[in-house]
Amino acid sequence: MRKFAIIGFGCAGYNGAKSLREHAPNVVIDVFDPSRRSPFNPMLSTYHAAGKLPYDAVFPFGSLEEICRALDLNYFSENVLEVTADRTIRTESDLYRNYDGILLATGADAMVPGSLRCSGNRWFTMRTLDDALALRQHLDTNQVRSAAVVGGSMVGIKVAELLHSEGVNVTIVDAASHLFPLAAYESTARFIQRQLENKGLGFRFDAKVTAIDEDGIAFADGSALQADLVCLCIGTRAGTRSFRNSSVQIGHAVVVNSHMETSVPGIYAAGDCCEGINLQTGKTAVIGLWANAAMQGACAGANMAGDHADCPGNILHNITRFFDMDFISLGDITLPGCKHLFDCPEFFVSLVMDGNTLQSVNVVGNYRVSGILKHHLVKQLTGGASTTFTPAQRGLLERNGLPREFIQLIGGSPNDRA
Amino acid sequence: MKYVFVLDESKCVACSACAVACMDQNDIDPLAGDIPFRAAFVDEQGPVEDPKFTFLSIACMHCENAPCMIACPTGCLKKDPETGFTVFDNTNCIGCHSCAMACPFAQPCFNDNSGKMTKCDGCVERVKRGMQPACVKVCPFGALSLVSESEYQELMRTDARKKISYKILD
Ligand SMILES: Cc1cc2nc3c(=O)[nH]c(=O)nc-3n(C[C@H](O)[C@H](O)[C@H](O)COP(=O)(O)OP(=O)(O)OC[C@H]3O[C@@H](n4cnc5c(N)ncnc54)[C@H](O)[C@@H]3O)c2cc1C
Ligand code: SF4
Ligand code: SF4
Ligand code: SF4
């Protein structure tokens, strides 16, 4: 009987196991994860810490027992320390096993740069359930009046929202010159910053943090910021430590092709530990998103069973809701082109077009147009079908507040009437 | 039995009877911040002297590998195994709008007050009891229908008339 290992049981690992079981009912599937918990969704960490979601709800696929029973999985609650090119794994308890196929799905860890001096017990990261529980416990047992969130990222803004809702005075600190440096045009970021300043948040940009201690933050320019609590949200680092000896190609993360195959036959990777194809650049990149992890895991599982599934790639995209505001970012904002803006009292859409090609989009305040614009951008890149809007898309965009001229500009056909 | 909603564009006049029936069926009150699940509208294109009209009635297409379902971080969206409709339980909905970004048809709706997602559920309870979805039942021109998957395949094979299905944006 063929034997497979899934290393890491988050969204990618779960979807990999599920798909593998659906495609290969009779194989042995061993799952390795030290958490001893059902697959957790990291994006729910701040919601749980804020008391907005009960404990059980952070495990969207159900309990570990139910999952293992339904998918007939053998669960090993331990870390895999090493994977070798002959598909042998070594675990913490010195278990050695050889497999017909392996899925690497170890996700990512919150980044804490080695150069950053961190001391004391008032600093936190936000990635795992334990991170969320630790922050919650600290807030419940200490008087926290001020906090610094290092990293004006999507995670940083959610942590800032959580702390602000508890009456904490929050300052967001970033080495970049504005919020969401990878997703927002500067004009969008400044708009959002103004809205948040009106709600009482403070900001400090172009500020390189060198140390975190009991008093707060020290900066490279010699200045300091006092804070009762610091949360570090400066990104993630792919969990690739255990694969260094496996011969799989590793860049920022494990490099995969559109079948989720690594450079070593029989070893696959999915989710935040891997870099798949960025459709806009044609190069591999980490696109650390929940749905991406699910689709990549499902694709890898099917292919491990012998199917020929394809995960053609993705674009950078994100929707984040914070302080009753939606911010949507689509595509690579560094790509060149001509900037266009539609602005009305309720929302704005800002975008870059290179000739007739949509390059990137920022939307604030209108979630309803996000799906159509995202699919348009992907369709443009995957080719095949026409890249003009259909009558249904046009009508839906119009009904959701976009004027005809603007719709025509993004995806009009020569016959369209603006 | 799996079902597919089909719109015969040649019969639709975008009268909005379907949209109103849906609001009735689902207690949708736009004045209280609800967003209607179904919308009917006319798309007018081409030169003014020779315009081309397209009449449409759009709600959730109940996509096969529903992107909204894959994107939802809390597992609110599911496939009903009996009908194939994309149904929901919004108890744990955090209002993150990930489903909205995943949907190519702008279908997930949010009530301003609750912040929770709602959408067309295919009138799943009616259909399971042998009734038609409210929007289908009320359509005065027989433009909107709900057919079984096999009937749909047959329609696509034999009927050259323009139909709208979950493939509308392909
Ligand atoms: C605060 C926050 C907000 C976010 N917001 C969004 C959002 O709005 N939208 C969105 O799409 N995404 C969001 N994300 C990202 C999203 O949660 C991730 O992209 C997704 O969960 C990745 O899933 P994964 O399975 O690849 O990794 P993970 O969920 O990290 O799972 C990896 C698993 O591997 C295990 N593991 C690690 N190393 C080993 C080892 N050596 N041996 C065995 N097991 C191991 C870990 O214990 C873990 O269980 C957010 C993330 C955070 C933290
Ligand atoms: S909500 Fe959108 S994505 Fe989900 S099934 Fe309906 S049409 Fe498809
Ligand atoms: S808004 Fe609610 S239903 Fe939609 S993806 Fe988020 S949690 Fe799921
Ligand atoms: S099927 Fe029911 S819920 Fe869906 S649009 Fe029709 S009436 Fe509304």
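These protein sequence lines map, in sequence, to chains A and B. When you number the first sequence by this note's numbering, it's gap-free, plus one each residue, and the end is 418. When you number the second sequence by this note's numbering, it's gap-free, plus one each residue, and the end is 588. We put the CB at the ideal spot given by N, CA and C, even for glycine. Since we're looking at a predicted model, the values are computed, not measured.
- [ ] Identify which residue in Asn169/A, Val170/A, Val168/A and Glu186/A has its Cα closest to the Cα of alanine 176/A.
- [x] One-based indexing of the first sequence puts residue 176/A at position 176. Closest in C-alpha terms to alanine 176/A, from the list Asn169/A, Val170/A, Val168/A and Glu186/A, comes Glu186/A.
Task: Contact under 8 Å by Cβ, serine 370/A with isoleucine 328/A - done: Reading the first sequence from its first residue, position 370 is the one you call residue 370/A. Reading the first sequence from its first residue, position 328 is the one you call residue 328/A. Closer than 8 Å, so yes.
Task: Distance cut-off 7 Å: arginine 127/A Cβ against heavy atoms of ligand 1 - done: Mapped onto the first sequence, residue 127/A falls at position 127. Yes, the Cβ of arginine 127/A comes within 7 Å of a heavy atom of ligand 1.
Open item on the list: For ligand 2, I want to know if cysteine 481/B counts as a neighbour, meaning its beta carbon is within less than 7 Å of at least one of the ligand's heavy atoms.
Closed with: The count along the second sequence starts at 1 and reaches residue 481/B at position 63. Answer for cysteine 481/B: yes, Cβ within range of ligand 2.
Task: isoleucine 512/B: first and last residue of the uninterrupted beta strand (DSSP E) it sits in - done: Working through the second sequence from its first residue, we reach residue 512/B at position 94. Per DSSP, isoleucine 512/B belongs to no beta strand (DSSP E) and is neither H nor E.
TODO: Say whether chain B places a C-beta atom closer than 8 Å to the C-beta of asparagine 198/A.
DONE: Locating residue 198/A in the first sequence gives position 198, where the first residue counts as 1. Chain B, which has no Cβ nearer than 8 Å to the Cβ of asparagine 198/A, makes this no.
Task: CB contact check: serine 516/B to chain A, cutoff 8 Å - done: Your numbering for residue 516/B matches position 98 in the second sequence. Closer than 8 Å to some Cβ of chain A, the Cβ of serine 516/B qualifies, so yes.
Open item on the list: Counting only beta-carbon separations shorter than 8 Å, does histidine 375/A have a partner in chain B?
Closed with: For the purposes of this step, residue 375/A is taken as the residue at position 375 of the first sequence. So, interface residue.
Task: Start-to-end residues for the alpha helix (DSSP H) that takes in alanine 132/A - done: Position 132 of the first sequence, counted from the first residue, corresponds to residue 132/A. Annotation for alanine 132/A: the continuous alpha helix (DSSP H) segment containing it runs 129 to 141.
TODO: Compare the C-beta of valine 369/A against all C-beta atoms of chain B and say whether one is closer than 8 Å.
DONE: As a working mapping, residue 369/A is identified with position 369 in the first sequence. Using beta-carbon distances, valine 369/A counts as an interface residue toward chain B, with a partner under 8 Å.
- [ ] Label arginine 579/B either buried or exposed according to how many other C-beta atoms from any shown protein chain fall within 10 Å of its C-beta, with 16 as the threshold for buried.
- [x] Residue mapping note: residue 579/B aligns to position 161 of the second sequence, counting from 1. Below a pLDDT of 50, predicted positions are generally treated as unreliable, and arginine 579/B, at 48, falls in that range; the measurement from the model is reported next regardless. Result: exposed.
TODO: Answer with buried or exposed for glutamate 161/A, where buried requires no fewer than 16 other C-beta atoms within 10 angstroms of its C-beta.
DONE: Numbered from 1 along the first sequence, position 161 holds the residue referred to as residue 161/A. Around the CB of glutamate 161/A, 16 or more other CB atoms lie within 10 Å, so the residue is classed as buried.
Open item on the list: Can you determine whether any heavy atom of ligand 3 sits closer than 7 Å to the C-beta of threonine 46/A, and answer yes or no?
Closed with: Residue 46/A sits at position 46 when you count from the first residue of the first sequence. With a cutoff of 7 Å, threonine 46/A does not count as near ligand 3, since its C-beta is closer than that to no heavy atom of the ligand.
- [ ] Would you mind stating whether glutamine 550/B and cysteine 538/B have Cβ atoms separated by less than 8 Å?
- [x] Locating residue 550/B in the second sequence gives position 132, counting from the first residue. Locating residue 538/B in the second sequence gives position 120, counting from the first residue. Taking 8 Å as the Cβ cut-off, glutamine 550/B and cysteine 538/B do not qualify as a contacting pair.
Open item on the list: Spatial neighbours of tyrosine 584/B within its chain, please: C-beta separation below 6 Å, excluding the five flanking residues on both sides.
Closed with: Working through the second sequence from its first residue, we reach residue 584/B at position 166. Reliability fails at tyrosine 584/B, whose pLDDT of 41 lies under 50, so the model's placement of it is uncertain and the value that follows must be treated cautiously. Closer than 6 Å at the Cβ level, and outside the excluded window around tyrosine 584/B, lie Met479 and Cys481.
- [ ] Would you list the residues whose beta-carbon is nearer than 7 Å to any heavy atom of ligand 4, in the order they occur in the chain?
- [x] Going along the chain, the residues that qualify are Cys436/B, Ala439/B, Cys440/B, Gln443/B, Asn444/B, Phe455/B, Arg456/B, Ala477/B, Cys478/B, Cys538/B, Asp539/B, Gly540/B, Cys541/B, Pro551/B, Ala552/B, Cys553/B and Val554/B.
Task: Limits of the unbroken alpha helix (DSSP H) element including glycine 13/A - done: Against the first sequence, residue 13/A aligns to sequence position 13. Per DSSP, the unbroken alpha helix (DSSP H) holding glycine 13/A starts and ends at 11 to 23.
Task: Contact set for aspartate 307/A: own chain, Cβ-Cβ below 7 Å, skip 5 residues either direction - done: By 1-based counting over the first sequence, the position of residue 307/A is 307. Taken in chain order, the residues that qualify are His23.
TODO: Could you check if aspartate 447/B is buried or exposed, using at least 16 other CB atoms within 10 Å of its CB as the buried criterion?
DONE: Numbered from its first residue, the second sequence carries residue 447/B at position 29. With fewer than 16 other Cβ atoms within 10 Å, it is exposed.
Open item on the list: Taking beta-carbon pairs under 9 Å, can you tell me which members of the stretch 308 to 328 of chain A lie near chain B?
Closed with: For the stretch 308 to 328 of chain A, which is checked against every Cβ of chain B, the residues closer than 9 Å are His317, Asn318, Ile319, Thr320, Arg321, Asp324, Asp326 and Ile328.
Task: Cut-off 6 Å between Cβ atoms - residues of its own chain near leucine 103/A, not counting five sequence neighbours on either side - done: The sequence position of residue 103/A within the first sequence is 103, counting from 1. Apart from the 5 residues on each side of it in sequence, leucine 103/A sits with its Cβ closer than 6 Å to the Cβ of Ile6, Gly16, Tyr268 and Ala300 in its chain, given in chain order.
Open item on the list: My assumption, with CB atoms under 8 Å, is that serine 115/A sits in contact with alanine 227/A. Please give the rounded CB distance.
Closed with: Against the first sequence, residue 115/A aligns to sequence position 115. Against the first sequence, residue 227/A aligns to sequence position 227. Actually they are not in contact, since the Cβ atoms of serine 115/A and alanine 227/A sit about 20 Å apart, beyond 8 Å.
Task: Proximity test, Cβ basis, 8 Å: isoleucine 372/A and chain B - done: Locating residue 372/A in the first sequence gives position 372, counting from the first residue. Yes, isoleucine 372/A lies at the interface with chain B (some Cβ there is under 8 Å from its Cβ).
Task: Residues, ordered as in the chain, of the stretch 463 to 477 of chain B that lie near chain A by beta-carbon distance below 7 Å - done: Hits within the stretch, in order: Gln463, Gly464, Thr472, Leu474 and Ile476.
Open item on the list: Please list the terminal residues of the continuous alpha helix (DSSP H) segment that includes tyrosine 47/A.
Closed with: The count along the first sequence starts at 1 and reaches residue 47/A at position 47. Looking at the DSSP string, the run of the alpha helix (DSSP H) that includes tyrosine 47/A is 45 to 49.
Open item on the list: What I want to know is whether the C-beta of asparagine 508/B ends up closer than 7 Å to one or more non-hydrogen atoms of ligand 3.
Closed with: Within the second sequence, residue 508/B is the residue found at index 90, counting from 1. Yes, Cβ of asparagine 508/B sits closer than 7 Å to a heavy atom of ligand 3.
Open item on the list: Looking at isoleucine 239/A: is its Cβ nearer than 8 Å to the Cβ of alanine 132/A?
Closed with: Counting from 1 along the first sequence, the entry for residue 239/A is found at position 239. Counting from 1 along the first sequence, the entry for residue 132/A is found at position 132. In the sequence on display, residue 239/A carries glycine and not isoleucine. In this structure, glycine 239/A lies away from alanine 132/A, with their beta-carbon atoms at least 8 Å apart.
- [ ] Residues of the stretch 384 to 413 of chain A with a CB closer than 7 Å to any CB of chain B: list them in chain order, please.
- [x] Going along the stretch 384 to 413 of chain A in chain order, one finds Ala385, Thr390, Pro391, Ala392, Gln393, Arg394, Gly395, Leu396, Arg399 and Asn400 with a Cβ nearer than 7 Å to chain B.
Open item on the list: Quick check: what's the CA-CA separation for aspartate 419/A versus glutamate 166/A?
Closed with: For chain A, the structure presents residues 1 to 418; residue 419/A sits outside this window and is missing.
Open item on the list: DSSP has histidine 340/A in a bridge; who is on the other side?
Closed with: To locate residue 340/A, count along the first sequence from 1; it is residue 340. Listed as beta-bridge partners of histidine 340/A by DSSP are Leu351/A.
Open item on the list: Tell me which residue opens and which closes the alpha helix (DSSP H) that cysteine 299/A is part of.
Closed with: Your numbering for residue 299/A matches position 299 in the first sequence. Taken as a continuous stretch (DSSP letters only), the alpha helix (DSSP H) holding cysteine 299/A covers 290 to 304.
- [ ] Kindly indicate the opening and closing residues of the beta strand (DSSP E) around cysteine 274/A.
- [x] Position 274 of the first sequence, counted from the start, is the residue given in the question as residue 274/A. In the DSSP assignment, cysteine 274/A falls within the beta strand (DSSP E) that extends over 274 to 277.
Task: Residues from the stretch 449 to 461 of chain B in contact with chain A, defined by Cβ distance under 7 Å - done: Taking 7 Å as the Cβ-Cβ cut-off, the stretch 449 to 461 of chain B approaches chain A at Ala457, Phe459 and Asp461, given in chain order.
Open item on the list: Spatial neighbours of serine 246/A within its chain, please: C-beta separation below 7 Å, excluding the five flanking residues on both sides.
Closed with: Indexing the first sequence from 1 puts residue 246/A at position 246. The residues are Val83, Thr84, Ala85, Val264 and Ile267.
- [ ] From the DSSP output, in three-state form, read off valine 230/A for me.
- [x] To locate residue 230/A, count along the first sequence from 1; it is residue 230. In the three-state DSSP reduction, valine 230/A falls in the strand class (E or B).
Open item on the list: Nearest by alpha-carbon distance to proline 60/A: which of Ser38/A, Arg194/A, Lys379/A and Ala392/A is it?
Closed with: Within the first sequence, residue 60/A is the residue found at index 60, counting from 1. Of the candidates Ser38/A, Arg194/A, Lys379/A and Ala392/A, the one whose C-alpha sits nearest the C-alpha of proline 60/A is Ser38/A.
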